[in-house]
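A short write-up of the structure that comes next.
Residue numbers (the working numbering), protein chains in the order written: chain A, 154 to 313; chain B, 16 to 789; chain C, -17 to 276.
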């Protein structure tokens, strides 16, 4: 079971790393690339904690093999905003007191960012369905919806 | 007793300040155990029994040991300190000669890669002799049922003591009469037979709640490493580092001060990460292999072999007069604890009979062992299940007698001073105020219009329901220190694991009590070597107990500061105050010394001034109960039973909202957990004791698409004993939803569901049965 | 997951060669949303996995003439959103939209859903109701199988170990055709069908039902057609009473088991309800399309 070369783009940087063929994309990001933002909550695509963007689309990275990302572009929570800055969603989450234990947050933010990227004026209902693949046990989702809807509204008004 | 006062105007307390680690959490910078990658790390996997009850005839690990990349393989034979009669689940590290639940660990492996460890498990040969199982608690409690515990294993009441501090007097405890009954208690008052004889209306129902998992998103995780002289360090996802240390020390038979537990950011606990589970075996693998070893449970392992909440079966019978006068209540509450004792039996008895004034009652409680994974606490352990029974029952009585369910409750609601079923008086509480707010809420007021709008124009059946619940509040001694730095800033140290965002509230309390602005305070959670002894982050008691400790420590530091300043300025300590980071003589604003100068003097070479270190080590005797009511507005599909939750309101008495942002988050999160118990969650075991739904596909937690925004209404009835009047916040909101939903569904669809979760199937089939019957 | 080797073919030909060279068996990987969970649970322990991400032909989604061609690796999300999968083919988009969550739909492939062949496979009923053909490639060339005959048992299909599903070909159902897929789940997302029903009705110029197809999921070892119900509708004017009768006949075609997702009684009940509802919607859609094309 020889290692294979994974060449792809991660958070806007070209990456070339040796990975074991049976490594998931999630594990390669976390262990081979040191990006521990995406988490494993279930390993079977049922919780969303591992959500990253693949060519701009939100995917469950625990269900992909790392080599399936060859030649493609991956974005994790660490690459959602430029270093030192906060994406409007991140800022809104902090201000609204969204994170409690924090474990689901990277996945939720990536899912929310994808909803708004695809549909900047998403309604609350569309946002709900857009993050419905992300389980959270601490917050009950309400403050998340408030924060994301606020950012969507600001975008609709041409702000931020 | 007057409400605890501050030493200055409250500033910081009561402000909705976002928690300090918010930025780290939204950028993915916070580290959890699984994110820690030490050099030479080995990965652990456990081999678990597929059988719920079996003798272990033979284990052969030779092939596993020979697989390249495997560094350690352990069975019970390698751990002589393990006891055949394991007193608690934590002590049952590896099965010795018998397994008592499906999923029980039988062998452990540490390997270079997780994949190799998995393959090693495949190579371990175990020969089992399958034995008869006791799965249904109603069967398991009968004489002659297959025995679960090793004869003589004690009932473990440490959970009860940790969580509710509810006592039932010992004279009410009877010896077990069947081999699998591990705890038993009865409370009674008055003459129930007479009460039933005089009743116009008798209602008898059996309520069932399955085992549910706490559902924390981060599975159990621990990293263990030994140094060369026999000291163990554990990086643990835990709700109580000191408790973890004590349990691991006890199980492995080493001194507590040989173990350092570092509480890493915990991705949710809710009671499921209090007791030791993975730590002892991981420590042992690290010792044998000589390397750091990390064990992270898979979700499947969590569901199959975690420590869920107990299954509860309550047979409830009430007798009332036609006008709603309460006469008698009789109940059997049966808690299925799995393979080891661990329920808080008293909670169920107390809540069944103590919410309303029953002149006569008899409540028999029983804890029953079964061949299933043993239980631990889950946020208000025993309360959601029990309130489901009594609050469903109360609404049903009101329905059948044509009474208004809110007025009916209000009439009989307990007040401060009334005796609970264990004869302890109810402490001051806000139950009445919370219930009154239900009546004022537009959703409750508009319930008739809502119902009338349903069932036509393509709409489903519409209804509204509510329920009242609460939690008595846990107690545990704790400690804290507050240190004045040479620049005048403050450091606060506790051992408190910050799961719920309590650190920010503690900082607010310290700032307010000492007399500085909130951003002058840094709060640190220390490990078990550096922090003072601290209790669990559980029982809704963090602000109540640790907040009190921090408050007192800050007051102590303020006192010490004043003594130093008084000497220097030749003033009396009673004439001093702190303003703008200076100690000032009241009325003489130019007579002042800076906090920094006092702090510096305590650290200067050759100085005779002592450093300022405020300490507090309080223990507590008075609880501060917190009540919550929840209102649900639903729409039910008449054919499929699908239930849409349109609105949901949480009304909760928190005493004093130290940080309203945090309090709202607790109310909303607890409510959604409560709704999960109400509508979708349940561990389902087959007749052989195997879990049928060991994945998050079939163990259903609610998603954002299933829910409306949760409306929160904070009520503040100050507690005489909490810091600034605060009560515990975390547990009350998980209690009422199952009854609120069942009541709303009854209102909408005309069927009374007494078994949780209230699923579309149960509603649809109940309606079909009713339709056929009429 | 246990260790395995990974093949990375760049073309369909490559892929077939690789499969032929693995007599012990290899698992085909498209979206991984069924395969990886099964491997992680130890249900499958393949020595070789073959990644299909670079096999371009499998990712094609195109209208050719009046046939809709759906490559086996096309994702549920693509089917959910693509405007070509709408109108008469709306039921396909509906089933795609229901799989898992958006993070799963961006990976899950229609081919994977069909080849995994769970009784509850959401994408099977609409395709069966549209008389889709499965195009299968093997060492001896290609063959076509009616999708209704593709499934042979629980998690079993007609595919040989050296074959793979290339695409689905969906023939034109006609201008006056409407379909609908509904399923019952306890939650709104991330869930799996307790019962799923797809109905497709094609109306003749006289407004009567020219063709009826009703396919059921999760009520038998494989997805099944409710042929008696279909025949009751054939050639008739579709009224609510006839729909109710057809719904009753659909229940007879269902042979559900009880499991942790639902009892036999509830599944039979749902079969009736969902058949009634999908037929009603299919009729309305067919009627609307008929008027639009008139």
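Glycine is no exception: its CB is placed at the ideal position from the N, C-alpha and C atoms.
None of the values given here were measured: they were computed from a predicted structure.
Subject >> Coarse secondary structure for residue 330 of chain B, derived from DSSP in three states >> reply: Start at 1 with the first residue of the second chain, and residue 330 of chain B comes out as number 315. Three-state result, residue 330 of chain B: strand.
Original post:
Does any C-beta atom of chain A lie closer than 7 Å to the C-beta of residue 243 of chain C?
Top reply: Counting from 1 along the third chain, the entry for residue 243 of chain C is found at position 261. Output row for residue 243 of chain C: interface = no.
Original post:
Which residue from B:517, B:275, B:465, B:112 puts its Cα closest to that of residue 678 of chain B?
Top reply: One-based indexing of the second chain puts residue 678 of chain B at position 663. Checked all of B:517, B:275, B:465, B:112; the closest Cα to residue 678 of chain B is B:517.
Subject >> Contact check, residue 244 of chain B vs residue 543 of chain B, beta carbons under 7 Å >> reply: Counting from one through the second chain, the residue named residue 244 of chain B turns up at place 229. Counting from one through the second chain, the residue named residue 543 of chain B turns up at place 528. Result no, Cβ atoms of residue 244 of chain B and residue 543 of chain B do not sit closer than 7 Å.
Original post:
Relative to the alpha-carbon of residue 99 of chain B, which residue among B:37, B:461, B:111, B:89 has its alpha-carbon at the smallest distance?
Top reply: For the purposes of this step, residue 99 of chain B is taken as residue 84 along the second chain, with counting starting at 1. Considering only alpha carbons, the answer is B:111.
Original post:
Any idea if residue 189 of chain B is buried or exposed, counting beta-carbon neighbours within 10 angstroms, 16 or more meaning buried?
Top reply: Working through the second chain from its first residue, we reach residue 189 of chain B at position 174. Low local confidence applies: a pLDDT of 47 at residue 189 of chain B is under 50, so the model's placement there is unreliable, and no value is given.
Original post:
Are the C-beta atoms of residue 654 of chain B and some chain D residue less than 7 Å apart?
Top reply: Here chain D cannot be found, since the structure's protein chains are A, B and C.
Original post:
Apart from the five residues just before and just after residue 24 of chain B, which ones in its own chain have a Cβ nearer than 7 Å to its Cβ?
Top reply: Along the second chain, one-based indexing puts residue 24 of chain B at 9. Its pLDDT being 45, under 50, residue 24 of chain B is placed unreliably by the model, and the measurement read from it follows with that caveat. Counting only Cβ-Cβ distances below 7 Å, and skipping sequence neighbours, we find nothing.
Subject >> Within chain B, partners of residue 248 of chain A - CB distance below 7 Å >> reply: Taking the first residue of the first chain as position 1, residue 248 of chain A is located at position 95. What residue 248 of chain A touches in chain B: 33.
Subject >> Contacting residues, own chain, Cβ-Cβ under 7 Å from residue 264 of chain B (five flanking each side not counted) >> reply: Counting from one through the second chain, the residue named residue 264 of chain B turns up at place 249. Result list for residue 264 of chain B: 270, 271, 274, in chain order.
Original post:
Does the region 398 to 412 of chain B come within contact of the region 744 to 754 of chain B, defined as at least 3 CB pairs closer than 8 Å?
Top reply: yes
Original post:
Going by C-alpha distance, which of A:273, A:282, A:275, A:227 is nearest residue 87 of chain C?
Top reply: What you label residue 87 of chain C is simply residue 105 of the third chain in a count that begins at 1. The shortest C-alpha separation from residue 87 of chain C is found at A:282.
Original post:
Under 7 Å between C-beta atoms, does residue 489 of chain B make it to chain A?
Top reply: Against the second chain, residue 489 of chain B aligns to sequence position 474. So no, residue 489 of chain B is outside the interface.
Original post:
Interface residues of chain A around residue 28 of chain C at Cβ under 9 Å?
Top reply: If you number the third chain from 1, residue 28 of chain C lands on position 46. Those within 9 Å of residue 28 of chain C in chain A number zero; the least Cβ separation is about 10 Å.
**OP:** Starting from the beta carbon of residue -10 of chain C, find every residue of chain A whose beta carbon is closer than 8 Å, and list them in chain order.
**Re:** Taking the third chain and counting its residues from 1, the one referred to as residue -10 of chain C is at position 8. 157, 220, 223, listed in chain order.
Subject >> Stretch pair the region 256 to 270 of chain C + the region 223 to 238 of chain C: three plus CB contacts closer than 8 Å >> reply: yes
Original post:
When Cβ atoms are compared, which residues of the region 82 to 103 of chain C fall closer than 7 Å to chain A?
Top reply: 82, 83, 84, 85, 86, 88, 89
Original post:
Do residue 218 of chain A and residue 89 of chain C have their C-beta atoms closer together than 7 Å?
Top reply: Position 65 of the first chain, counted from the start, is the residue given in the question as residue 218 of chain A. Position 107 of the third chain, counted from the start, is the residue given in the question as residue 89 of chain C. It is not a contact, given that the beta carbons lie outside the stated cut-off.
**OP:** Would you grab the beta carbon distance between residue 550 of chain B and residue 560 of chain B for me? Rounded to a whole angstrom, and I think it's under 8 Å.
**Re:** By one-based count along the second chain, residue 550 of chain B stands at place 535. By one-based count along the second chain, residue 560 of chain B stands at place 545. Going by Cβ atoms, the distance from residue 550 of chain B to residue 560 of chain B rounds to 6 Å, so yes, they are a contact pair.
Original post:
residue 196 of chain B to residue 381 of chain B, Cα distance in whole Å?
Top reply: Mapped onto the second chain, residue 196 of chain B falls at position 181. Mapped onto the second chain, residue 381 of chain B falls at position 366. Each residue's Cα considered, the two are about 7 Å apart.
Subject >> Below-7 Å beta-carbon distance, residue 213 of chain A vs any chain C residue >> reply: As a first step, residue 213 of chain A is located in the first chain; it is residue number 60 there, counting from the start. Taking Cβ atoms only, chain C reaches closer than 7 Å to residue 213 of chain A, which makes this a yes.
Original post:
Would you call the CB atoms of residue 238 of chain C and residue 201 of chain C closer than 7 Å?
Top reply: By 1-based counting over the third chain, the position of residue 238 of chain C is 256. By 1-based counting over the third chain, the position of residue 201 of chain C is 219. Their beta carbons are under 7 Å apart, which means residue 238 of chain C touches residue 201 of chain C by this criterion.
Original post:
Do the region 295 to 304 of chain B and the region 222 to 230 of chain B make contact, defined as three or more Cβ pairs closer than 8 Å?
Top reply: no
Subject >> Sequence-distant residues of the same chain with beta carbon closer than 7 Å to residue 193 of chain A, five excluded per side >> reply: Looking up residue 193 of chain A in the first chain gives position 40. Excluding positions up to five away in sequence, the list reads 179, 202, 203, 215.
Subject >> Cut-off 6 Å between Cβ atoms - residues of its own chain near residue 102 of chain C, not counting five sequence neighbours on either side >> reply: Numbered from 1 along the third chain, position 120 holds the residue referred to as residue 102 of chain C. These residues qualify, in order along the chain: 174, 175, 199, 200.
Original post:
Relative to the C-alpha of residue 702 of chain B, which residue among B:132, B:535, B:155 is closest?
Top reply: If you number the second chain from 1, residue 702 of chain B lands on position 687. For residue 702 of chain B, the nearest C-alpha among the options comes from B:155.
Subject >> Continuous alpha helix (DSSP H) stretch holding residue 304 of chain B: start and end >> reply: Start at 1 with the first residue of the second chain, and residue 304 of chain B comes out as number 289. First-last of the alpha helix (DSSP H) with residue 304 of chain B: 294 to 304.
Original post:
Tell me, which residues are paired with residue 74 of chain B by DSSP?
Top reply: Taking the first residue of the second chain as position 1, residue 74 of chain B is located at position 59. In DSSP, residue 74 of chain B forms a bridge with B:141.
Original post:
Hey, residue 2 of chain B and residue 480 of chain B are a contact pair by Cβ (cut 8 Å); roughly how many whole angstroms apart?
Top reply: Chain B is shown only over 16 to 789; residue 2 of chain B falls outside these bounds and no answer can be derived.
Subject >> Under the three-state DSSP convention, the category residue 452 of chain B falls into >> reply: Against the second chain, residue 452 of chain B aligns to sequence position 437. Three-state result, residue 452 of chain B: helix.
**OP:** Please report the Cβ distance between residue 316 of chain B and residue 47 of chain B, rounded to the nearest whole angstrom; I am assuming they are in contact, meaning their Cβ atoms lie under 8 Å.
**Re:** Against the second chain, residue 316 of chain B aligns to sequence position 301. Against the second chain, residue 47 of chain B aligns to sequence position 32. Not a contact, Cβ separation roughly 17 Å.
**OP:** Pull out every residue of the region 274 to 292 of chain B whose Cβ sits closer than 9 Å to any Cβ of chain A, in chain order.
**Re:** 280, 281, 282, 283, 284, 285
Original post:
What whole-angstrom Cβ distance do residue 43 of chain B and residue 231 of chain A have, given they're in contact under 8 Å?
Top reply: Position 28 of the second chain, counting from 1, holds the residue named residue 43 of chain B. Position 78 of the first chain, counting from 1, holds the residue named residue 231 of chain A. Yes, residue 43 of chain B and residue 231 of chain A are in contact; Cβ-Cβ is about 5 Å, under 8 Å.
Original post:
For residue 23 of chain C, which residues in chain B fall below 7 Å Cβ to Cβ?
Top reply: Working through the third chain from its first residue, we reach residue 23 of chain C at position 41. The answer, in chain order, is 315.
**OP:** Let me know the secondary structure DSSP gives residue 199 of chain C once reduced to three states.
**Re:** For this step, residue 199 of chain C is matched to residue 217 along the third chain. DSSP places residue 199 of chain C in strand when its eight states are reduced to three.
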